[in-house]
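Letter by letter, the sequence shown follows residues 3 to 264 in the numbering used here.
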Amino acid sequence: LFEEPDGTFPNHHPDPQKRENLEPLMERVVREKADLGLAFDGDADRLGLVDDRGEMVWGDILMALYWREILPKHPGDEAIVEVKCSQSLIDEIERLGGKPLFWKSGHSLIKAKMREIGAVFAGELSGHFFFADEYYGFDDSFYAAGRLLRTLSNTGESLSRMLSSVPVYPSTAEIRVDCPDEEKFARVDAIRDKALKDHKAVTVDGVRILYPEGWGLVRASNTQPVIVTRCEGRTEGALEEISADVRARILAEGLPDFEWTY
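Below, the structure written as structure tokens:
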């Protein structure tokens, strides 16, 4: 699809983790009865995936499949988990005997942490995947695609069948709330400090507030004058409650109102 390079991007934006950008690929996979569809961003360091049913596969869910291949060869290893990632990935890492280690968003930050602890693999929700077990530890989407194809070939299962054992919990999209650069970190710190009074939380990058049935993330963007937020719940009802609470905490700091998208 769209094999002619064109920097004006006449067909769609080249972000492979946006559903609207994958719609032509999703339709083509179904029409051709293909085993899967692969999407690459402009500089080929991010991978998007469509399964054999024409459904988009999020980056953190794909990471669960990679860890199934890697962790049995590296039992007990620390597994770096970006703070944006699903609880489903964390549960899978623990099931495989790994030790989840939350870390900051940003591919350069994750690669630095990998070098620090000698990690064999890590990834981001955005589709960056870093293999250091049999490769050089940087984000190469063609290599990541090859690793997935090898896994599929070795199991003989369809991609959708492999994914069926990795739960996809209800979640919001990643929402960006305008906030000046000189204020954004202080605003997030205030939300974090209040949240810690009544919740457990992960605080390596903003605050990932932990609820009995899910979590809500509030963090300052490293590159834009915005605060980034995202929520997940084990059920639709849990997500509704969590997202309402997180929104209230954000608005209480005087930030602009916003609506959740899904």
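Note that the Cβ used here is the ideal one computed from N, Cα and C, for glycine as well.
Quantities reported herein were computed from a predicted structural model and do not represent experimental measurements.
Between the options, which lies nearest to residue i when the distance is taken from Cα to Cα?
| i | options | result |
| --- | --- | --- |
| residue 1 | 29, 256, 90 and 118 | This structure cannot settle anything about residue 1, because the visible part of the chain is limited to 3 through 264. |
| residue 112 | 124, 173 and 234 | 124 |
| residue 98 | 68, 106 and 84 | 68 |
| residue 331 | 143, 234, 169 and 232 | Here the chain covers residues 3 to 264 and nothing more, so residue 331 does not appear. |
| residue 176 | 229, 12 and 199 | 229 |
| residue 88 | 197, 155, 174 and 51 | 174 |
| residue 63 | 43, 73, 93 and 79 | 93 |
| residue 161 | 81, 6, 35 and 118 | 35 |
| residue 248 | 221, 225, 3 and 75 | 221 |
| residue 122 | 72, 106, 152 and 157 | 72 |
| residue 217 | 86, 263 and 190 | 86 |
| residue 116 | 95, 84 and 96 | 84 |
| residue 178 | 231, 153 and 241 | 231 |
| residue 79 | 120, 252 and 239 | 120 |
| residue 242 | 58, 262 and 252 | 262 |
| residue 165 | 50, 6, 7 and 59 | 59 |
| residue 227 | 6, 258 and 167 | 258 |
Taking the straight line between their C-alpha atoms, what separation do you get for residue i and residue j?
| i | j | result |
| --- | --- | --- |
| residue 237 | residue 33 | 32 Å |
| residue 56 | residue 65 | 19 Å |
| residue 254 | residue 172 | 25 Å |
| residue 48 | residue 127 | 10 Å |
| residue 132 | residue 188 | 31 Å |
| residue 77 | residue 101 | 9 Å |
| residue 148 | residue 155 | 10 Å |
| residue 203 | residue 26 | 39 Å |
| residue 186 | residue 38 | 40 Å |
| residue 201 | residue 9 | 46 Å |
| residue 3 | residue 30 | 9 Å |
| residue 42 | residue 103 | 27 Å |
| residue 135 | residue 110 | 18 Å |
| residue 17 | residue 108 | 15 Å |
| residue 223 | residue 233 | 16 Å |
| residue 197 | residue 54 | 41 Å |
| residue 158 | residue 70 | 15 Å |
| residue 130 | residue 141 | 6 Å |
| residue 240 | residue 215 | 6 Å |
| residue 40 | residue 170 | 20 Å |
| residue 82 | residue 139 | 13 Å |
State the start and end residues of the unbroken beta strand (DSSP E) segment that holds residue i.
| i | result |
| --- | --- |
| residue 39 | 39–42 |
| residue 3 | Element bounds for residue 3: n/a, residue is neither H nor E. |
| residue 221 | 216–222 |
| residue 200 | Per DSSP, residue 200 belongs to no beta strand (DSSP E) and is neither H nor E. |
| residue 231 | 228–235 |
| residue 46 | No beta strand (DSSP E) contains residue 46, which DSSP labels as neither H nor E. |
| residue 55 | First-last for residue 55: undefined, no H or E at that position. |
| residue 80 | 80–84 |
| residue 209 | 209–213 |
| residue 8 | Note, residue 8: premise wrong, no beta strand (DSSP E); not H, not E. |
| residue 179 | 177–180 |
Which two residues bound the contiguous alpha helix (DSSP H) that contains residue i?
| i | result |
| --- | --- |
| residue 69 | 61–72 |
| residue 197 | 183–197 |
| residue 32 | 21–34 |
| residue 161 | 161–165 |
| residue 248 | 238–253 |
Q.
At 4 residues or longer, what runs of the alpha helix (DSSP H) sit wholly inside the segment 94–157?
A. 109–119 and 143–157
Q: Please determine if the segment 208–215 and the segment 178–185 are in contact, where contact requires at least 3 C-beta pairs separated by less than 8 Å.
A: no
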